[in-house]
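Here my numbering = 1-based position in the first sequence + 52. A virtual CB, placed ideally from N, CA and C, is assigned to each residue, including glycine. From a predicted model like this one, the values you see are computed outputs, not experimental measurements. Data first, discussion second: the structure below is written as structure tokens.
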Amino acid sequence: MLRRPEGTVPQCDTGRIWPPCQEGSLGSQPKATHFSSRGTPMRLSRYFMPVLRETPAEAQIVSHRYMLRAGMIKQAAAGIYSWLPLGYRVLRNIERIVHEEQQRAGHIPMLMPTLQSADLWKESGRYDAYGPEMLRIKDRQDRDMLYGPTNEEMITDIFRSHVGSYKDLPMTLYHIQWKFRDEMRPRFGVMRGREFLMKDGYNFDLTKEDALHAYNRHLVSYLRSYERMGLQAIPMRADSGPIGGDDTHEFLVLADTGESEVFYDSDITELKFGDRTIDYDSVEQCQAVLEEFTSRYARTDETHDAALFNEVPEARRRVARGIEVGQIFYFGTKYSAAMGATVVDETGAKVPVHMGSHGIGVSRLLGAIIEASHDDKGIIWPEGVTPFHCGIVNLRQGDTEADAACQSLYDALTALGLEPLYDDRDERAGAKFATMDLIGLPWRITVGPRGLKNGVVELTSRRTGDSEELPPAAAIAKIAAIYGAIAA
RNA sequence: CGGGGCGUAGCGCAGCCUGGUAGCGCGACGGUUUUGGGUACCGUAGGUCGUAGGUUCGAAUCCUAUCGCCCCGACCA
Numbered sequence: 053m054l055r056r057p058e059g060t061v062p063q064c065d066t067g068r069i070w071p072p073c074q075e076g077s078l079g080s081q082p083k084a085t086h087f088s089s090r091g092t093p094m095r096l097s098r099y100f101m102p103v104l105r106e107t108p109a110e111a112q113i114v115s116h117r118y119m120l121r122a123g124m125i126k127q128a129a130a131g132i133y134s135w136l137p138l139g140y141r142v143l144r145n146i147e148r149i150v151h152e153e154q155q156r157a158g159h160i161p162m163l164m165p166t167l168q169s170a171d172l173w174k175e176s177g178r179y180d181a182y183g184p185e186m187l188r189i190k191d192r193q194d195r196d197m198l199y200g201p202t203n204e205e206m207i208t209d210i211f212r213s214h215v216g217s218y219k220d221l222p223m224t225l226y227h228i229q230w231k232f233r234d235e236m237r238p239r240f241g242v243m244r245g246r247e248f249l250m251k252d253g254y255n256f257d258l259t260k261e262d263a264l265h266a267y268n269r270h271l272v273s274y275l276r277s278y279e280r281m282g283l284q285a286i287p288m289r290a291d292s293g294p295i296g297g298d299d300t301h302e303f304l305v306l307a308d309t310g311e312s313e314v315f316y317d318s319d320i321t322e323l324k325f326g327d328r329t330i331d332y333d334s335v336e337q338c339q340a341v342l343e344e345f346t347s348r349y350a351r352t353d354e355t356h357d358a359a360l361f362n363e364v365p366e367a368r369r370r371v372a373r374g375i376e377v378g379q380i381f382y383f384g385t386k387y388s389a390a391m392g393a394t395v396v397d398e399t400g401a402k403v404p405v406h407m408g409s410h411g412i413g414v415s416r417l418l419g420a421i422i423e424a425s426h427d428d429k430g431i432i433w434p435e436g437v438t439p440f441h442c443g444i445v446n447l448r449q450g451d452t453e454a455d456a457a458c459q460s461l462y463d464a465l466t467a468l469g470l471e472p473l474y475d476d477r478d479e480r481a482g483a484k485f486a487t488m489d490l491i492g493l494p495w496r497i498t499v500g501p502r503g504l505k506n507g508v509v510e511l512t513s514r515r516t517g518d519s520e521e522l523p524p525a526a527a528i529a530k531i532a533a534i535y536g537a538i539a540a
């Protein structure tokens, strides 16, 4: 019903790869049906969502504050966090979108380890080049190990071990895995943690042209992914940094708390990917999207060119701040040549493959989304990533009619494959509203004796604050329609 | 890694200067009262004051060391 139509996204592996166990898989929960990859509905009285009324002192920026206050994360050490149930749900939703969009683009999911042997890094030369950001560990045999900050070496090794012919190309492999970079100064909660969840993908192609198509394909899939998360992320020409490479774009979400200064032509913020369908195999179509989204001036401070920027009409010049949520690179044969990742081409010659790597900061995206979508009461989740589809607030817990009405709403929404969060605590209305506002569910159904007397409940948009009174069945239909439209 | 700051109850803080054996608000728990935007009142539980040394009759308080965390900067998905 609300499930994506069969065939739109062929056989997504989401949720089976990471994490190994699904929420509610112990059998105590009702069997999830349509949205089994998302989670389960929940009664707040049975949930674990330790909200804080006061802001912990260590949190400086709004996303960090709200994530702590909403009971989404708990710091374990500097830049390292536990994901509490509410935060975990959002994390998995973001991850799910990334999986779906990567597989839609034809990229193949897999999983590489967090801990790596240093050998491959010595071979590529990055063991020394990477510096103290890399967490180095010795095992009991005194072997050099490291907690991977990225996986170019490992994927290249896998590729060279098993692929030898141009006939096996093109190929793009990706995984979503925890990384560790020992930042000198972690801060801003999950926006700049030391441990972070990242999708990184690697394309292998016979020619530079093919590799650039892979680059474009990633750009398209990233635009789609961010839009599904309710974000506008602008591709900006960027600096290649320690990965190295020729072509690279960063995707930035505009936000005052962003770490990078960005310069752009305001026309670019008018661009929407929308629900257009793209044939990912079409070089022309992907190229057209790239040109559409990168032809206007948009650069981070690293690559900013004041002279070029001044060619933009003054009224459209913007200087702002942005949060980097992804980056795509084409780096040619840098690793393949160094590590002997070659294939035999049509003429029988051994040639190094052309590669690129492409990352999305999955855990960081939670912070970015909150930075871009909140008010003074709390978070406002976009429908695509919200931890629960809607909240049900029972204003008079213990009142027979109100309890029954809430229960039947809960059951009906659940039967449709939606996941409501039912606040069935014995709390005052104000406390329930404040909690719902804080955790940011986009829709709230408020149920009380007063309305029930007239046969209505109240449906409220978290984003606009607009409320309407309508019969319970109509409220259900409306929510189903909203989410049905997103899933379609 | 340079500069600064902070570790006292689940959270936010006071007490430290001028040593005398720990306190406030919120939260939690129990009760009464309330009930359509964090209600009010009563009661209860909870802290070897980050850790280790030292000075002292006596240390949260003074001294030393150490660990952790935060902020500014340089650096980074």
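- Our two residues, H426 and W433, have alpha carbons roughly 8 Å apart in a direct line.
- Three or more beta-carbon pairs separated by less than 8 Å link the segment 463-473 to the segment 530-539, which places the two stretches in contact.
- Distance from the CA of L198 to the CA of A457, rounded to the nearest whole angstrom, comes to 55 Å.
- Counting C-beta pairs with one atom in each stretch, the segment 123-135 and the segment 162-179 have fewer than three that are closer than 8 Å, which means they do not touch.
- Minimum Cα-Cα distance from I320 among the listed residues G183, L304, N255 corresponds to L304.
- Listed in chain order, the alpha helix (DSSP H) runs fully inside the segment 159-246 are 171-176, 178-181, 204-214, counting runs of at least 4 residues.
- The beta-carbon distance between N446 and D476, rounded to whole angstroms, is 6 Å. This is short enough to meet the 8 Å contact definition.
- Distance check between T487 and each of M94, G91, L104 places L104 closest, using alpha-carbon atoms only.
- Contact check between the segment 388-395 and the segment 233-241: fewer than three CB pairs, one atom from each, fall below 8 Å, which does not count as touching.
- When the Cα atoms are used, L342 and N268 turn out to be separated by approximately 6 Å.
- DSSP places Y535 within a helical segment (H, G or I) once states are collapsed to three.
- Taken through DSSP and simplified to helix, strand or coil, R480 comes out as coil.
- As computed with DSSP, G430 is found in a beta bridge with D427.
- By alpha-carbon distance to P108, the top candidate from I125, G177, I497 is I125.
- N255 sits in a strand when the DSSP states are folded into three classes.
- Note that the C-beta distance between L258 and L225 is not below 8 Å.
- From the listed residues L187, A359, G91, T512, the smallest Cα separation to S169 is found for L187.
- When the alpha-carbon of T516 is set against those of I531, W495, A122, the nearest one is in W495.
- With a contact defined as Cβ atoms closer than 8 Å, S409 and F381 qualify at about 5 Å.
- For T466, the enclosing alpha helix (DSSP H) starts and ends at 452-467.
- Between T394 and R289, the beta carbon gap of about 31 Å keeps them out of contact (Cβ cut-off 8 Å).
- By the C-beta density criterion, L96 is buried, having at least 16 other C-beta atoms within 10 angstroms.
- In the three-state DSSP reduction, M391 falls in the helix class (H, G or I).
- A residue is called buried when at least 16 other Cβ atoms come within 10 angstroms of its Cβ; K484 meets this threshold and is buried.
- Contact between the segment 208-220 and the segment 260-277 is absent, with fewer than three C-beta pairs closer than 8 Å.
- Under DSSP, K126 shares a beta bridge with S134.
- Annotation for Q339: the continuous alpha helix (DSSP H) segment containing it runs 335-346.
- Taking 8 Å as the cut-off, the Cβ atoms of E175 and S277 do not count as close.
- E435 has its alpha-carbon roughly 11 Å from the corresponding atom of E279.
- Straight through space, the alpha carbons of F315 and V405 are spaced by roughly 35 Å.
- Secondary structure note for N446: its beta strand (DSSP E) is the uninterrupted segment 442-446.
- Within the same chain, Y118, I422, G492 come within 6 Å of I431 by CB-CB distance, once the 5 residues on both sides are set aside.
- Put simply, the backbone Cα of A263 is about 58 Å away from that of E479.
- Less than 8 Å separates the beta-carbon of V396 from that of S217.
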